[in-house]
(Lines of atoms letter the chains of each structure in order from A and count residues from 1; the text may use other names and numbers.)
(Lines give C-alpha, C1' and ligand atoms only; values in the text may rest on other atoms or scores of the structure.)
Protein backbone atom coordinates (compact mmCIF):
# COMPACT_ATOMS: atom_id res chain seq x y z
CA UNK A 1 0.00 0.00 0.00
CA UNK A 2 1.29 3.46 -0.87
CA UNK A 3 1.34 6.00 1.89
CA UNK A 4 3.80 6.98 4.58
CA UNK A 5 6.17 5.21 6.94
CA UNK A 6 6.54 7.73 9.74
CA UNK A 7 6.97 10.91 7.67
CA UNK A 8 8.53 9.24 4.62
CA UNK A 9 6.31 8.86 1.53
CA UNK A 10 6.40 5.44 -0.13
CA UNK A 11 4.86 3.98 -3.27
CA UNK A 12 4.35 0.40 -4.43
CA UNK A 13 6.09 -0.82 -7.57
CA UNK A 14 7.96 -3.66 -9.17
CA UNK A 15 11.00 -3.49 -11.41
CA UNK A 16 11.52 -5.38 -14.64
CA UNK A 17 14.43 -6.16 -16.92
CA UNK A 18 12.39 -6.90 -20.06
CA UNK A 19 15.44 -7.95 -22.09
CA UNK A 20 16.31 -10.85 -19.77
CA UNK A 21 12.80 -11.50 -18.39
CA UNK A 22 13.71 -10.69 -14.78
CA UNK A 23 11.38 -9.11 -12.22
CA UNK A 24 11.77 -7.82 -8.67
CA UNK A 25 10.08 -8.83 -6.55
CA UNK A 26 9.17 -12.07 -8.30
CA UNK A 27 5.54 -11.61 -7.20
CA UNK A 28 3.60 -8.61 -5.96
CA UNK A 29 5.04 -5.19 -5.27
CA UNK A 30 7.73 -3.63 -3.10
CA UNK A 31 7.78 -0.33 -1.21
CA UNK A 32 9.96 2.43 -2.65
CA UNK A 33 10.85 5.72 -0.96
CA UNK A 34 9.80 8.90 -2.77
CA UNK A 35 12.95 11.02 -2.51
CA UNK A 36 12.53 14.49 -4.03
CA UNK A 37 16.17 15.22 -3.16
CA UNK A 38 17.27 12.51 -5.60
CA UNK A 39 17.20 13.82 -9.16
CA UNK A 40 17.59 10.44 -10.87
CA UNK A 41 14.90 8.03 -12.04
CA UNK A 42 15.21 5.05 -9.67
CA UNK A 43 18.08 3.83 -7.48
CA UNK A 44 18.19 0.31 -6.07
CA UNK A 45 20.47 -1.60 -3.71
CA UNK A 46 23.23 -3.58 -5.40
CA UNK A 47 21.54 -6.88 -4.48
CA UNK A 48 18.38 -5.93 -6.43
CA UNK A 49 20.43 -4.62 -9.37
CA UNK A 50 22.13 -8.04 -9.65
CA UNK A 51 18.91 -10.01 -9.07
CA UNK A 52 17.38 -8.19 -12.06
CA UNK A 53 20.51 -9.10 -14.07
CA UNK A 54 20.95 -5.42 -14.92
CA UNK A 55 24.69 -5.96 -14.43
CA UNK A 56 24.57 -8.15 -17.57
CA UNK A 57 23.39 -5.25 -19.78
CA UNK A 58 25.37 -2.30 -21.14
CA UNK A 59 26.01 -0.03 -18.17
CA UNK A 60 26.76 3.65 -17.74
CA UNK A 61 28.66 5.28 -14.90
CA UNK A 62 27.39 8.48 -13.35
CA UNK A 63 28.23 10.63 -10.36
CA UNK A 64 25.55 11.06 -7.69
CA UNK A 65 25.64 13.84 -5.11
CA UNK A 66 24.03 12.92 -1.80
CA UNK A 67 22.14 15.44 0.32
CA UNK A 68 25.21 15.86 2.55
CA UNK A 69 27.32 16.83 -0.47
CA UNK A 70 29.20 13.53 -0.76
CA UNK A 71 29.83 12.42 -4.36
CA UNK A 72 29.41 8.74 -5.23
CA UNK A 73 29.92 6.81 -8.44
CA UNK A 74 26.84 4.96 -9.61
CA UNK A 75 26.39 2.25 -12.21
CA UNK A 76 23.16 1.87 -14.11
CA UNK A 77 21.21 0.88 -17.18
CA UNK A 78 17.65 1.12 -18.45
CA UNK A 79 14.76 -0.91 -17.02
CA UNK A 80 10.99 -0.75 -16.62
CA UNK A 81 9.15 0.33 -13.47
CA UNK A 82 5.56 -0.87 -12.96
CA UNK A 83 3.45 1.19 -10.56
CA UNK A 84 0.57 -0.26 -8.58
CA UNK A 85 -1.43 2.95 -8.50
CA UNK A 86 -1.84 4.32 -11.10
CA UNK A 87 -1.48 1.05 -12.98
CA UNK A 88 1.23 2.10 -15.40
CA UNK A 89 4.77 1.40 -16.48
CA UNK A 90 7.65 3.77 -17.03
CA UNK A 91 11.04 3.16 -18.64
CA UNK A 92 14.10 4.89 -17.27
CA UNK A 93 17.64 4.74 -15.92
CA UNK A 94 17.95 2.45 -12.89
CA UNK A 95 21.18 2.82 -10.97
CA UNK A 96 22.94 1.49 -7.92
CA UNK A 97 25.67 2.88 -5.71
CA UNK A 98 27.54 1.68 -2.61
CA UNK A 99 25.72 1.42 0.73
CA UNK A 100 22.24 2.03 -0.73
CA UNK A 101 19.80 -0.04 1.33
CA UNK A 102 16.38 0.97 -0.04
CA UNK A 103 14.70 1.63 -3.37
CA UNK A 104 14.56 5.34 -4.17
CA UNK A 105 12.20 6.99 -6.63
CA UNK A 106 13.61 10.28 -7.85
CA UNK A 107 12.32 13.40 -9.51
CA UNK A 108 13.14 12.16 -13.02
CA UNK A 109 10.46 9.48 -12.63
CA UNK A 110 8.08 11.80 -10.80
CA UNK A 111 8.06 14.27 -13.73
CA UNK A 112 5.81 11.76 -15.51
CA UNK A 113 3.22 11.86 -12.72
CA UNK A 114 0.98 14.17 -10.74
CA UNK A 115 2.06 13.63 -7.14
CA UNK A 116 -0.02 14.74 -4.17
CA UNK A 117 1.51 14.23 -0.73
CA UNK A 118 -1.01 14.73 2.07
CA UNK A 119 0.87 14.74 5.35
CA UNK A 120 -2.35 15.39 7.31
CA UNK A 121 -3.94 12.10 6.25
CA UNK A 122 -0.63 10.29 5.55
CA UNK A 123 -1.69 9.55 1.98
CA UNK A 124 0.08 9.83 -1.31
CA UNK A 125 -1.79 10.05 -4.60
CA UNK A 126 -0.22 9.46 -7.99
CA UNK A 127 -1.90 10.06 -11.32
CA UNK A 128 -0.72 10.08 -14.90
CA UNK A 129 -0.07 13.51 -16.38
CA UNK A 130 -2.78 14.52 -18.82
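Numbering (my numbering), first residue to last: -10 to 119.
Yeah, the Cβ is synthetic: ideal placement off N, Cα and C, and Gly gets one too.
Looking only at C-alpha atoms, which of 1, 25, 8 and 22 sits nearest to residue 14? When each option's Cα is compared against that of residue 14, the closest is 1.
Given a cut-off of 8 Å, decide if residue 92 and residue 79 are closer than it, judged by their beta-carbon atoms. When the beta-carbon positions are compared, residue 79 and residue 92 stay at least 8 Å from each other.
Using only alpha-carbon positions, find the residue among 74, 29 and 105 that is nearest to residue 54. Of the listed residues, the one whose Cα sits closest to residue 54 is 29.
Does the ligand MG have a heavy atom nearer than 7 Å to the CB of residue 41? Questions concerning the ligand MG fall outside what the structure shown contains, since it holds no ligand whatsoever.
Is the beta carbon of residue 9 sitting closer than 8 Å to the one on residue 42? Yes.
Can you grab the Cα-Cα spacing for the pair residue 61 / residue 86, in whole Å? Across the structure, residue 61 and residue 86 are spaced so that their CA atoms are roughly 7 Å apart.
Could you name the residues that DSSP lists as bridge partners for residue 54? DSSP lists 60 as partners of residue 54.
Answer with buried or exposed for residue 72, where buried requires no fewer than 16 other C-beta atoms within 10 angstroms of its C-beta. So residue 72 ends up on the buried side.
Go to residue 38, then tell me how far its alpha helix (DSSP H) extends in each direction, as first and last residue. 35 to 40 is the span of the alpha helix (DSSP H), which, as asked, contains residue 38.
Straight-line gap, residue 48 to residue 96 (C-alpha atoms, nearest Å): Distance between the alpha carbons of residue 48 and residue 96 is about 21 Å.
Tell me which same chain residues have a C-beta within less than 7 Å of the C-beta of residue 118, skipping the five on either side of it? So the list reads 101, 102 and 103, once near-sequence residues are dropped.
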